[in-house]
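Residue numbers (my numbering), protein chains in the order written: chain A, 346 to 459; chain B, 10 to 119. Ideal Cβ placement from N, Cα and C applies to all residues, glycine included. Keep in mind that this is a model prediction, so the values were computed, not measured. To start, the structure under review is shown below, and the notes come after it.
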Amino acid sequence: EAQVTQNPRYLITVTGKKLTVTCSQNMNHEYMSWYRQDPGLGLRQIYYSMNVEVTDKGDVPEGYKVSRKEKRNFPLILESPSPNQTSLYFCASSFSTPVVNEQFFGPGTRLTVL
Amino acid sequence: GDSVTQMEGPVTLSEEAFLTINCTYTATGYPSLFWYVQYPGEGLQLLLKATKADDKGSNKGFEATYRKETTSFHLEKGSVQVSDSAVYFCALDRDDKIIFGKGTRLHILP
Chain A
346 EAQVTQNPRY LITVTGKKLT VTCSQNMNHE YMSWYRQDPG LGLRQIYYSM
396 NVEVTDKGDV PEGYKVSRKE KRNFPLILES PSPNQTSLYF CASSFSTPVV
446 NEQFFGPGTR LTVL
Chain B
10 GDSVTQMEGP VTLSEEAFLT INCTYTATGY PSLFWYVQYP GEGLQLLLKA
60 TKADDKGSNK GFEATYRKET TSFHLEKGSV QVSDSAVYFC ALDRDDKIIF
110 GKGTRLHILP
């Protein structure tokens, strides 16, 4: 089944404890992206990647890191999480730019930082 | 900067009612426009899109027309069902990124 998977689905952590949220897609997509969803703010893009080893900042990249060493994986890293990073996170992928190709979303990761 | 404004929810309708969710945009140039839908507990799915002025996107009974003169892309459906209950996001493209509106929650009562 073609899909985007994220792990974990739920995570509660404490301020300053490094964490990684994994994202993997099995559709051979070149474009991958991370978004955060907050009440009243909609979805905002954190980082995106046009291809392996190519990453770019989205609209809210502060406090996050990403890497794209393999085509299928695009992990989101929070080196020192803070409470304002409590949010619902979505990974997404598409064949190329989502302007042209449909973007497929993962199920989401709900992160709480205490 | 480029942005999307959509009507605040929640919107509550009875089954078989007519639906309109308003969306207007601000952008330089002529962006592509999108509607995404998020069902409870799931990620977003592309519902429809339009790439140029006067284009009409349609899917699952939903329609939206790209109106350059009013910078609008309103979502409509003639007869909603309980299964249409979801959050709907209007969006536009800027470079290689999608800019989303804040979302409109729709409740359909049986």
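(message) Quick check: the segment 84–95 of chain B against the segment 436–446 of chain A, are at least 3 beta-carbon pairs closer than 8 Å?
(response) Between the segment 436–446 of chain A and the segment 84–95 of chain B, the count of Cβ pairs shorter than 8 Å is below three; the stretches do not touch.
(message) Residues of chain A with CB closer than 9 Å to the CB of B:D105, please, in chain order.
(response) Correct list: Y376, Y393, M395, D401, S441, T442, P443 and V444.
(message) As a quick exercise: from B:E25, B:Y39, B:L22 and B:L28, pick the residue whose alpha carbon is nearest that of B:D102.
(response) Ranked by Cα distance from B:D102, the options B:E25, B:Y39, B:L22 and B:L28 are led by B:Y39.
(message) If the criterion is Cβ atoms closer than 7 Å, does the pair B:P119 and B:E24 meet it?
(response) Yes, these two residues count as a Cβ contact at 7 Å.
(message) Given this structure, state the Cα-to-Cα distance separating B:F82 from B:V96, to the nearest angstrom.
(response) Going from the Cα of B:F82 to the Cα of B:V96 covers about 16 Å.
(message) Is there a Cβ of chain A sitting closer than 7 Å to that of B:S41, yes or no?
(response) Yes, B:S41 counts as interfacial toward chain A.
(request) Please decide whether B:D102 counts as near chain A, where near means a Cβ-Cβ distance under 7 Å. (result) The beta carbon of B:D102 falls within 7 Å of a beta carbon belonging to chain A, placing the residue at that interface.
(request) Give a yes or no on whether 7 Å exceeds the smallest Cβ distance from B:L53 to chain A. (result) For B:L53, at least one C-beta of chain A is nearer than 7 Å to its own C-beta.
(request) Pick out whichever of B:G66, B:F109, B:I30 and B:Q47 has its Cα sitting closest to the Cα of B:D11. (result) The residue with the shortest Cα to Cα distance from B:D11 is B:F109.
(message) Does any residue of chain A have a CB that is nearer than 7 Å to the CB of B:G110?
(response) Judged by the 7 Å Cβ criterion, B:G110 is in contact with chain A.
(request) Take A:K402 and list the residues in its own chain whose beta-carbon comes closer than 7 Å to its own, dropping the five residues that flank it on each side. (result) Sequence-distant Cβ neighbours of A:K402 in its own chain, meaning closer than 7 Å and more than five residues away, are Y392.
(message) Measuring straight from C-alpha to C-alpha, what distance separates B:S41 and A:H374?
(response) Whole-angstrom Cα-Cα distance: 21 Å.
(message) As a quick exercise: from A:E346, A:T365, A:L459 and A:P384, pick the residue whose alpha carbon is nearest that of A:S427.
(response) Of A:E346, A:T365, A:L459 and A:P384, the residue nearest in Cα terms is A:L459.
(message) Looking only at its chain, what residues have a beta carbon closer than 7 Å to the beta carbon of B:K58, apart from the 5 residues adjacent to it on each side?
(response) Counting only Cβ-Cβ distances below 7 Å, and skipping sequence neighbours, we find S41, L42, F43 and G66.
(message) Do A:Y380 and A:L388 count as a contact pair if the criterion is CB distance below 7 Å?
(response) Yes.
(request) Could you list the residues in the segment 414–425 of chain A with a C-beta less than 8 Å from some C-beta on chain B, going in chain order? (result) Correct list: empty, as no residue qualifies.
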